[in-house]
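Everything on this sheet refers to the single structure shown next.
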Ligand SMILES: [Ca+2]
Ligand SMILES: [Ca+2]
Ligand SMILES: [Ca+2]
Ligand SMILES: [Ca+2]
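Protein chains in written order, with this note's numbering: chain A, 52 to 234; chain B, 52 to 234; chain C, 52 to 234; chain D, 52 to 234.
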């Protein structure tokens, strides 16, 4: 049996593919910030960057990115057979495999991620809008992948913020308890 | 083995439950119209009503409605054990079983349905907004169920409009072909 | 705007692609029969064929079939970039985009479809086994697509059988009522 | 605004509920072992226990457990309204809300988790079989929840084993490199 492809190779390829197609982690972080700032007053852009970066560590998302961008590029090069070539090229409204692939990796971050993904799919924000408007390249799959990563990072952050909040509360309790023990 | 519950009984119960909790098919049709009118210039409110009504014929949705409304009502009557009672009563942000149950029946109508559901979950339109603002009753599950039915009806309609369009085109072709055969 | 690809073209392409890759509707019907016969004593192979055929009328499944088989064929021809080429070629265990694409169209037939899909994915039956054992061709996506169609057709059938049963019961009641009215 | 329910309270309640309904983490670990041993020759029962325990730390699963067991218990006490009471009591074949709730938390662990869940739903193993055969209590939701936790723990383990494997390989490479540097 052949040695399986190393995780590092897959992760690096996915990150490189995103970059080559014009998507920076900063672009994704901006969407995350826009989605989550209303719920977390102390949210920083660094939190959002960190969360988007963490999401990109998951195999499920790396695989989705590799497949989606490959299909976009093959479509650009007119290397798909018909009628698939036309379906993807025209970003046909009833074609949903792009959303399906993106959804697969969104599920990993719970129902907030799924609803945020749906929202971003309709209200194309930031880089998603830019990809959607780019008429020279095919981004039928990429826009959904970016929405997927941003949605996942948003949900991940919502959970983290809560954990942080609760821990702070626990720390405070602990500190109070410690202080009560003093003397 | 006991005779299974008849489908009619389940369907009637689900429709009655929605009505009793203040949700009319017309309310759902309005959301569907708002979501789909931009894509289908000839869309009528009757199309939207018919689509919402058709979605309610599916078992998956009827079951989801029965479970969700039951949990809302039990919560109102303080009949759930803690901490579930508090989680549902406060419509806790990280509690996602309401979305999960609603999503289960959305999947049946494809990826457009899923993204529309996500959108409606964020941008609470029409009756969903009203349910969300109602502070006297518990609608933790119902708002998602309504979003689910509206999203499913929207997706169903998108597919129907396309079918209708293509058939018209075929009819036109057929007519032209028929006319060419005349004489 | 370009005219969208006609539904008939998409449907014919999907059916042709399955056939060319060695999958007949009869093969799928056999799996459906094996899955459902235990629940429905009167089930015929014709019921199963009809159900598999009906599932193939859905856009969601046609699109999934086109994308999946395209990726299998491109992999066979070594036309994908690395590391995706190796991931698909080796049918890497942690690569799940094939299941994700297949799942997308399974959801349309409810939770029985999802669990049946999961079962078929583990216990490779009939043609799925044959595809999996075929070492000359790449069927990384196709085996999941077949499991998806078979699972959807099984769930569809379970719902149909129940409808049929209930209608028979209603007919019987109706007949009894009619007879009671006689004379 | 009321203080949200603390995570610890939710987690403890979910763990206690499982235990009270007769499900130990050891029972779940056994299923995990049976599912994964074939893929990982060095797998220990401790690995499986640890993985099942880790899955129970996720909010999504805790919430699903709380809702599902609550519905089972309310059904036992005949406190649900009809026809929902009968649907759950009879574990009606076409009722899928139990699978939907369980699936919601399975998605978090990728497509291997989903297919393993489907398999366990059909081939009721260990404690799942026991719950299914228990005619004195209602376990319509619990059997799916256990399948969900076991499936998630299995998928989590599959990913962990791979990570472990790759790290070992890296360690070996590192050691070799270090040795080559010696002298
Ligand atoms: Ca797209
Ligand atoms: Ca809600
Ligand atoms: Ca496969
Ligand atoms: Ca069950």
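Beta carbons are placed, not taken as given, at the ideal position from N, Cα and C, and that holds for glycine.
If you drop the 5 nearest sequence neighbours on each side, which residues of the same chain put their C-beta closer than 6 Å to that of residue i?
i, result
"residue 65/B", "113, 116 and 117"
"residue 82/D", "176, 177 and 201"
"residue 91/B", "212"
"residue 163/D", "206 and 209"
"residue 94/A", "87 and 88"
"residue 148/D", "none"
"residue 99/B", "80, 83 and 84"
"residue 146/D", "138"
Using a cut-off of 9 Å between C-beta atoms, extract the partners of residue i located in chain D.
i, result
"residue 131/C", "The contacting residues do not exist; residue 131/C stays about 20 Å from chain D at best."
Can you tell me where the alpha helix (DSSP H) holding residue i begins and where it ends?
i, result
"residue 126/C", "110-127"
"residue 77/A", "76-87"
"residue 143/B", "Careful: residue 143/B lies outside any alpha helix (DSSP H) and carries neither H nor E."
"residue 182/C", "177-184"
Once DSSP output is grouped into helix, strand and coil, what is the label at residue i?
i, result
"residue 190/C", "coil"
"residue 166/B", "helix"
"residue 56/C", "coil"
"residue 149/C", "helix"
"residue 100/A", "helix"
"residue 155/A", "helix"
"residue 71/C", "helix"
"residue 133/B", "coil"
"residue 91/B", "coil"
"residue 217/B", "helix"
"residue 107/C", "coil"
"residue 174/C", "coil"
Cutting at 7 Å between CB atoms, please list the residues of its own chain near residue i, excluding the five before and the five after it.
i, result
"residue 120/C", "68, 72, 192 and 193"
"residue 167/D", "86, 202, 205 and 206"
"residue 188/A", "127"
"residue 150/B", "172 and 195"
"residue 140/A", "126 and 189"
"residue 122/A", "139 and 192"
Check the Cβ of residue i against every Cβ in chain C and list those closer than 7 Å, keeping chain order.
i, result
"residue 146/A", "114"
Please compile the residues from chain D whose C-beta is within a distance smaller than 7 Å of the C-beta of residue i.
i, result
"residue 57/A", "217"
"residue 118/B", "135 and 148"
So, for residue i: in the same chain, excluding its five sequence neighbours on each side, which residues have a beta-carbon less than 8 Å away from its beta-carbon?
i, result
"residue 214/A", "none"
"residue 61/A", "110, 113, 114 and 117"
"residue 105/D", "204 and 207"
"residue 58/B", "110"
"residue 103/B", "76, 79, 80, 83, 200, 201 and 204"
"residue 155/A", "111 and 115"
"residue 152/C", "115, 118, 119, 192, 195 and 196"
"residue 108/A", "62"
Measuring only from the beta carbon, is residue i closer than 7 Å to any heavy atom that is part of ligand 6?
i, result
"residue 126/D", "Annotation note on ligand 6: not contained in the displayed structure, which lists ligand 1, ligand 2, ligand 3 and ligand 4 as its ligands."
Name the chain C residues that come within less than 8 Å of residue i, Cβ to Cβ?
i, result
"residue 111/B", "161 and 162"
"residue 121/A", "131, 132 and 135"
So with CB distances below 7 Å, who are the chain A contacts of residue i?
i, result
"residue 64/C", "134"
Taking Cβ-Cβ distances shorter than 8 Å, what residues in chain D pair up with residue i?
i, result
"residue 61/B", "134 and 138"
Just the chain A side, please: which residues come within less than 9 Å of residue i by C-beta, in chain order?
i, result
"residue 150/B", "161, 162, 163, 165 and 166"
Below 7 Å on C-beta distance, what does residue i contact in chain B?
i, result
"residue 143/D", "55 and 56"
When you check each C-beta in the region 170-181 of chain C against every C-beta of chain B, which residues fall closer than 9 Å?
-> none
If contact means a Cβ-Cβ distance below 7 Å, which residues of the region 68-82 of chain C contact chain A?
-> none
Residues, ordered as in the chain, of the region 154-168 of chain B that lie near chain A by beta-carbon distance below 8 Å | 154, 161, 162, 163, 165, 166, 167 and 168
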